């Protein structure tokens with residue numbers, strides 16, 4: 126092990142179970158490749174705050190929803206900011222890293238997102254739909270998600286939840302970025318099988334759509350996944366912008382695309398480590 130290589134603390138929960146995804150396998154692969162360029166150690170999210178001082182970079186990857194350990198995560202964030210620890214993803218994210226409020230704000234600002242409200246007045250202005258989705262603002266992995274009808278929207282306890290019409294879409298598609306550079310896209314042809322993904326070749330308009338949200342988030346250092354749905358009339362609408370620890374589905378990529386992603390991530394971490 127060379128002492129001149131940057132030291133990376135790779136934060137992951139290898140035992141976290143997610144429907145349709147094997148988080149641990151992805152991080153075992155990633156760390157096996159990052160080890161070629163970095164001195165790397167893995168730790169559980171609950172141990173990151175205690176260990177991070179000994180490393181040049183902290184990389185937060187498949188650590189599961191932070192709502193499972195909110196106090197520990199807030200301690201980690203506060204300490205990292207106070208000590209100037211270099212965390213990848215950068216802790217300035219405005220999207221899922223900070224909760225779901227951004228969907229309400231982007232909707233109000235006219236961005237192409239699923240119409241979203243977090244109060245009764247806003248819910249009254251939502252488009253007519255057969256059903257409405259109610260999500261916790263601090264939710265992740267569909268935890269706490271439920272459905273209701275328009276006549277019940279007035280009865281919701283607003284404040285910690287947001288509401289969206291249930292969109293009839295053709296498919297979902299995800300765009301993956303390292304820093305602000307597009308890497309690859311995957312889509313789920315069957316709306317009922319979100320994690321049965323296939324390679325997707327985006328159009329120029331598709332990439333402009335995804336890039337708009339990455340530019341809005343303004344993360345200089347980090348991996349982001351822009352999740353969208355294709356409506357029946359052909360539009361893309363943002364479902365979420367995952368900027369904390371997005372699952373990457375690397376096992377579904379062709380070998381050359383997976384290698385290109387690893388190369389891009391290594392270069393991004395080297396840039397971050399060398400930053401004055």
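Residue numbers (this note's numbering): 126 to 401. Don't be surprised by glycine CBs; every beta carbon is placed ideally from N, CA and C. Keep in mind that this is a model prediction, so the values were computed, not measured.
Determine the closest residue to residue i out of the options, with distance taken between C-alpha atoms.
{"i": "residue 222", "options": "195, 209, 244", "result": "195"}
{"i": "residue 283", "options": "152, 318, 226", "result": "226"}
{"i": "residue 322", "options": "359, 275, 297, 331", "result": "297"}
{"i": "residue 183", "options": "386, 204, 231", "result": "204"}
{"i": "residue 394", "options": "346, 357, 353, 379", "result": "346"}
{"i": "residue 172", "options": "138, 150, 151", "result": "138"}
{"i": "residue 318", "options": "146, 263, 259, 129", "result": "146"}
{"i": "residue 324", "options": "308, 335, 337, 330", "result": "308"}
{"i": "residue 316", "options": "215, 354, 175", "result": "354"}
{"i": "residue 174", "options": "149, 293, 191, 202", "result": "202"}
{"i": "residue 238", "options": "281, 352, 300", "result": "352"}
{"i": "residue 279", "options": "263, 257, 129, 357", "result": "257"}
Would residue i be called buried (16 or more neighbouring beta carbons within 10 Å of its own) or exposed?
{"i": "residue 306", "result": "exposed"}
{"i": "residue 241", "result": "buried"}
{"i": "residue 270", "result": "exposed"}
{"i": "residue 126", "result": "Only weak support is given to the placement of residue 126: the predicted model assigns it a pLDDT of 43, under 50, and the question is left unresolved by the model."}
{"i": "residue 328", "result": "exposed"}
{"i": "residue 179", "result": "exposed"}
{"i": "residue 384", "result": "exposed"}
{"i": "residue 189", "result": "buried"}
{"i": "residue 290", "result": "buried"}
{"i": "residue 368", "result": "buried"}
{"i": "residue 397", "result": "buried"}
{"i": "residue 170", "result": "buried"}
{"i": "residue 186", "result": "buried"}
{"i": "residue 364", "result": "buried"}
{"i": "residue 82", "result": "Residue 82 is absent from the structure shown; the chain starts at 126 and stops at 401."}
{"i": "residue 151", "result": "buried"}
{"i": "residue 313", "result": "buried"}
May I ask you to report which of helix, strand or coil DSSP gives residue i?
{"i": "residue 127", "result": "Because residue 127 carries a pLDDT of 47, less than 50, the predicted location of this residue cannot be relied on, and the following value inherits that uncertainty. It is coil, neither helix nor strand."}
{"i": "residue 180", "result": "coil"}
{"i": "residue 143", "result": "strand"}
{"i": "residue 200", "result": "helix"}
{"i": "residue 345", "result": "coil"}
{"i": "residue 388", "result": "helix"}
{"i": "residue 252", "result": "coil"}
{"i": "residue 258", "result": "strand"}
{"i": "residue 156", "result": "helix"}
{"i": "residue 220", "result": "coil"}
{"i": "residue 133", "result": "strand"}
{"i": "residue 361", "result": "strand"}
{"i": "residue 334", "result": "helix"}
Since residue i contacts residue j with CB under 8 angstroms, what's their CB separation in whole angstroms?
{"i": "residue 348", "j": "residue 286", "result": "Going by Cβ atoms, the distance from residue 348 to residue 286 rounds to 28 angstroms, so no, they are not a contact pair."}
{"i": "residue 224", "j": "residue 344", "result": "That pair is no contact at about 16 angstroms."}
{"i": "residue 357", "j": "residue 295", "result": "6 angstroms"}
Mind the definition here: the region 153-162 touches the region 377-391 only if three or more C-beta pairs lie below 8 angstroms; say whether that holds. yes
Can you find at least 3 beta carbon pairs, one from the region 129-148 and one from the region 161-177, that sit closer than 8 angstroms? yes
Taking three-plus beta-carbon pairs below 8 angstroms as touching, is the region 234-252 in contact with the region 372-379? Counting Cβ pairs under 8 angstroms, fewer than three are found: no touch.
Using 8 angstroms as the cut-off, can you tell me whether the region 207-219 makes contact with the region 250-265, which would need three or more C-beta pairs spanning the two stretches below that distance? no
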